[in-house]
Amino acid sequence: HTNVGKTTLVNHAITQAQKMGLLPVIIDTENAFSVEFAQSMGFEAEPIYGTVEVEEMDVETGEIFLVEKEEIVGYDGNLIYFNSRLLADKYGDIDWSKGVRTKTKRKIAVIEDVAALMNELLDAQDRGEIQQGLLFVWDSVGSIGCYKELSSGGDIGKNGNPMWTAAAISSAFNMITNDRIPSSKKISSEYTNTLLTINKIWLEPNMAGLPPTVRKKGGNALGYSCRLELFLGGKLSSGTKQLTATSKGATFNYGIETKIQVTKNHLPEPWNLTYQGKYYATSQGIVGLDELDAYKKAHVGDILKQLNRILESQGESVTENDTIEFSETENDIG
Numbered sequence: 007h008t009n010v011g012k013t014t015l016v017n018h019a020i021t022q023a024q025k026m027g028l029l030p031v032i033i034d035t036e037n038a039f040s041v042e043f044a045q046s047m048g049f050e051a052e053p054i055y056g057t058v059e060v061e062e063m064d065v066e067t068g069e070i071f072l073v074e075k076e077e078i079v080g081y082d083g084n085l086i087y088f089n090s091r092l093l094a095d096k097y098g099d100i101d102w103s104k105g106v107r108t109k110t111k112r113k114i115a116v117i118e119d120v121a122a123l124m125n126e127l128l129d130a131q132d133r134g135e136i137q138q139g140l141l142f143v144w145d146s147v148g149s150i151g152c153y154k155e156l157s158s159g160g161d162i163g164k165n166g167n168p169m170w171t172a173a174a175i176s177s178a179f180n181m182i183t184n185d186r187i188p189s190s191k192k193i194s195s196e197y198t199n200t201l202l203t204i205n206k207i208w209l210e211p212n213m214a215g216l217p218p219t220v221r222k223k224g225g226n227a228l229g230y231s232c233r234l235e236l237f238l239g240g241k242l243s244s245g246t247k248q249l250t251a252t253s254k255g256a257t258f259n260y261g262i263e264t265k266i267q268v269t270k271n272h273l274p275e276p277w278n279l280t281y282q283g284k285y286y287a288t289s290q291g292i293v294g295l296d297e298l299d300a301y302k303k304a305h306v307g308d309i310l311k312q313l314n315r316i317l318e319s320q321g322e323s324v325t326e327n328d329t330i331e332f333s334e335t336e337n338d339i340g
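Positions 7 to 340 (the working numbering) are the ones given, in order, by the sequence shown.
Structure, rendered in structure tokens:
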């Protein structure tokens with residue numbers, strides 16, 4: 007579900023990858039990656055800005071036209087970043103049904119583009135052009151459709167069929183998840199590679215008043231081949247609690263309490279553990295349940311800064327000598 011700590015987990019992974027000397031490859035098909043959020047956890051990256059053409063519509067006439075805007079076109083540092091637009095720029099002239107280049111170029115990224123990027127980078131690693139282990143992070147499965155969906159009419163989600171997407175993921179990622187990634191774990195492999203995917207879900211209604219069943223968007227192909235699967239939040243809803251700091255009428259949400267469950271673990275010892283519990287997801291990272299008081303003391307300056315931003319328009323301010331009330335509010339039940 008949304009707002010269950012997935013982004014915090016992703017940022018934790020890419021930050022630790024950099025510290026381990028790995029190269030994070032961020033595939034952001036949700037187009038929601040915040041470098042500022044990642045940097046607050048220690049991630050090292052600087053945005054690169056460039057001029058791009060984007061579509062805008064005249065609200066009075068309905069006319070669509072292109073305008074040039076300054077946008078982030080990439081990031082500088084020990085990382086590789088692709089969002090949907092960058093994927094379409096790179097692979098948009100490929101007809102994946104025939105595997106050939108075309109004269110026209112689509113502006114929408116598809117599942118096959120993601121797999122093509124991963125294979126291209128793994129090939130570069132094999133040739134010695136990339137001399138680091140890779141951490142691929144795809145956020146998220148279910149946010150884009152497949153080429154067949156797009157070519158059927160251009161309106162993914164309306165003209166397509168979920169079975170096409172599931173089949174495309176199974177076909178496009180078969181060699182990646184069942185051979186190329188696992189084989190890098192061998193002692194004989196010079197580099198170790200990992201694929202971390204965030205998977206959207208949907209709830210399938212059941213008969214006779216039974217609770218709905220959680221299903222993965224895009225099918226189960228990636229789930230079958232994964233070695234470790236985590237479920238965040240509740241099954242029927244997010245099931246989280248909002249962590250808030252309040253002073254002088256201003257309230258700042260500094261994190262959430264979320265559930266986490268290991269639903270599959272095929273890792274070798276000593277990592278083949280199962281776990282079900284909770285943790286706190288904050289802008290500075292993951293915090294254990296017994297570490298929250300220490301976190302609040304260590305980051306009281308950041309919390310005060312955010313409260314003062316809220317109070318600025320009222321001519322008020324908060325200091326460490328003022329009373330700050332910390333509370334946990336349940337978002338929903340699940």
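For glycine and all other residues, C-beta sits at the position ideal for the given N, C-alpha and C.
query, result
"Coarse secondary structure for E59, derived from DSSP in three states", "strand"
"Pairwise C-alpha distance: N180 and Y153", "17 Å"
"Element boundaries [alpha helix (DSSP H), containing K241]", "It is not in any alpha helix (DSSP H) - K241 carries neither H nor E in the DSSP assignment."
"As assigned by DSSP and simplified to three states, the class of G321", "coil"
"Residues of its chain near A256, where Cβ-Cβ distance is below 7 Å and the 5 sequence neighbours each way are ignored", "L313, I316, L317"
"Inside the stretch 274-327 only - alpha helix (DSSP H) runs reaching at least 4 residues", "298-304, 306-317"
"Residue from K270, S243, N205, I262 with nearest C-alpha to R233", "K270"
"F179 - DSSP class collapsed to helix/strand/coil", "helix"
"Close Cβ partners of E334 (< 8 Å) along its chain, the five nearest in sequence each way excluded", "K247, Q248, L249, T250, E263"
"Inter-residue Cα distance where the pair is A130 and K311", "45 Å"
"Reference A172; option with closest CA among K113, L15, I100, E118", "E118"
"Cβ contact check for the stretch 10-18 and the stretch 290-298: 3 or more pairs under 8 Å", "yes"
"Same chain only: Cβ atoms within 6 Å of I204, ignoring 5 sequence neighbours per side", "K12, D145, S146"
"Length of the line joining the Cα atoms of S244 and L236", "14 Å"
"Per DSSP, cross-strand counterpart(s) of A145", "For the record, residue 145 in the displayed sequence is Asp; it is not Ala. Answer by DSSP bridge pairing, in chain order: I204."
"Buried versus exposed call for W102 [16 or more other C-beta atoms within 10 Å across all chains shown]", "buried"
"Backbone secondary structure at A115 - three-state DSSP", "coil"
"C-beta contact flag for I150 and T35 at 8 Å", "yes"
"Sequence-distant residues of its chain with Cβ nearer than 7 Å to S189 (five each side left out)", "S195"
"Short Cβ contact (8 Å threshold) for A115 with L140", "no"
"Backbone secondary structure at S231 - three-state DSSP", "helix"
"Where Q267 falls: helix, strand or coil (DSSP)", "strand"
"Cut-off 6 Å between Cβ atoms - residues of its own chain near S231, not counting five sequence neighbours on either side", "T183, N184"
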